[in-house]
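Numbering-wise (the working numbering), the sequence shown opens with residue 5 and increments by one.
Presented below is the structure to which this report refers.
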Amino acid sequence: MSRDVLVLFDIDGTLLHGRPEAHTHAMVAAMAQVWGVPAVPDDIWDIDPAGRTDREIARMVLRAHGVDDRAIDQGTPEWIDLASALHESEAPLHAAPVAAADADAVTGRLADEGAEVALLTGNLQPIGRAKVGAAGLGHRFGPGGGFGSDAEVRADLVHVARRRAARAYSDTEVVVVGDTPRDVVAARTAGVRVVAVTTGAFGPDALADADAVVADLTAATHVLLA
Ligand SMILES: [Mg+2]
Numbered sequence: 005m006s007r008d009v010l011v012l013f014d015i016d017g018t019l020l021h022g023r024p025e026a027h028t029h030a031m032v033a034a035m036a037q038v039w040g041v042p043a044v045p046d047d048i049w050d051i052d053p054a055g056r057t058d059r060e061i062a063r064m065v066l067r068a069h070g071v072d073d074r075a076i077d078q079g080t081p082e083w084i085d086l087a088s089a090l091h092e093s094e095a096p097l098h099a100a101p102v103a104a105a106d107a108d109a110v111t112g113r114l115a116d117e118g119a120e121v122a123l124l125t126g127n128l129q130p131i132g133r134a135k136v137g138a139a140g141l142g143h144r145f146g147p148g149g150g151f152g153s154d155a156e157v158r159a160d161l162v163h164v165a166r167r168r169a170a171r172a173y174s175d176t177e178v179v180v181v182g183d184t185p186r187d188v189v190a191a192r193t194a195g196v197r198v199v200a201v202t203t204g205a206f207g208p209d210a211l212a213d214a215d216a217v218v219a220d221l222t223a224a225t226h227v228l229l230a
């Protein structure tokens, strides 16, 4: 592969390991304030959230609480701001996800080789950046990327990240690195390549539609730089 490549890293299960407890608490607390629903973190864990965008998760939880789509759409901008603010106060109360042992080395190596690295995550942008920063990886990622605050459909985040990249890349020069079948589908839908890592909740069979399935980020980098 050419070094002229945009590598888009998922956060949860890919760069970071561990359950994002502060994140889920902030999301449901903000739902309770904006829409007046008794949402709890288990509402999120119960809808198979891995790989979904935060806006998609919110819509599913809110529908289950009887909120209609029009009201969901109207409250979403306020919810994004409030959830992001609440995450700051929730973060010290919970164990934070930690960086994959090789995440710093891998993102550094790719940058050294001339690749552009960015985040591609269903997380709301302020929350995603806070989590990555708390795990010591904030210096690896510039102002670009695609986030769950940008769109509800994960594939659309790929287009957002490409528009925010330092330059134009062809479809074959864009590679998603993620840990869920939804990362794979998003990359396929957006017409770009995808390397799946089995460091999240999914094994090789569930990720078989990726261009490559590997055990960790180090192995993913070997594929990217081969
Ligand atoms: Mg993930």
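A virtual CB, placed ideally from N, CA and C, is assigned to each residue, including glycine.
C-beta contact flag for V188 and A214 at 8 Å:
yes
Determine the closest residue to G132 out of A75, V102, R113 and L114, with distance taken between C-alpha atoms.
V102
With burial defined as no fewer than 16 other Cβ atoms inside 10 Å of the residue's Cβ, what is the status of L114: buried or exposed?
buried
Same chain only: Cβ atoms within 6 Å of A205, ignoring 5 sequence neighbours per side
A54
Under the three-state reduction of DSSP, which class applies to M5: helix, strand or coil?
Residue placement at M5 cannot be trusted, given a pLDDT of 46 that sits under 50; what the coordinates show is reported in the next sentence. Reduced to three states, the DSSP call for M5 is coil.
Rounded to whole angstroms, what is the Cα-Cα separation between A3 and M31?
Nothing in the structure corresponds to residue 3, since the chain is present only between 5 and 230.
With distances taken between CB atoms, is the gap from L229 to E120 smaller than 8 Å?
no
Which word fits R158, buried or exposed, when buried means at least 16 other C-beta atoms lie within 10 angstroms of its C-beta?
buried
State the beta-bridge partners of R197 as determined by DSSP.
V179
Using the C-alpha atoms, what's the distance from L124 back to A223?
19 Å
Could you pull the start and end residues of the alpha helix (DSSP H) that E231 belongs to?
This structure cannot speak to residue 231, because the chain is shown only from 5 to 230.
Take the Cβ of E92 as the centre, count every other Cβ of all protein chains shown within 10 Å, and call the residue buried at 16 or more, exposed below.
exposed
Please report the Cβ distance between G149 and R168, rounded to the nearest whole angstrom; I am assuming they are in contact, meaning their Cβ atoms lie under 8 Å.
6 Å
If you follow the beta strand (DSSP E) that L10 is part of, which residue opens it and which one closes it?
L10 to F13
Taking C-beta to C-beta, are N127 and F145 nearer than 8 Å?
no
Is L211 closer than 8 Å to P185 when the C-beta atoms are compared?
yes
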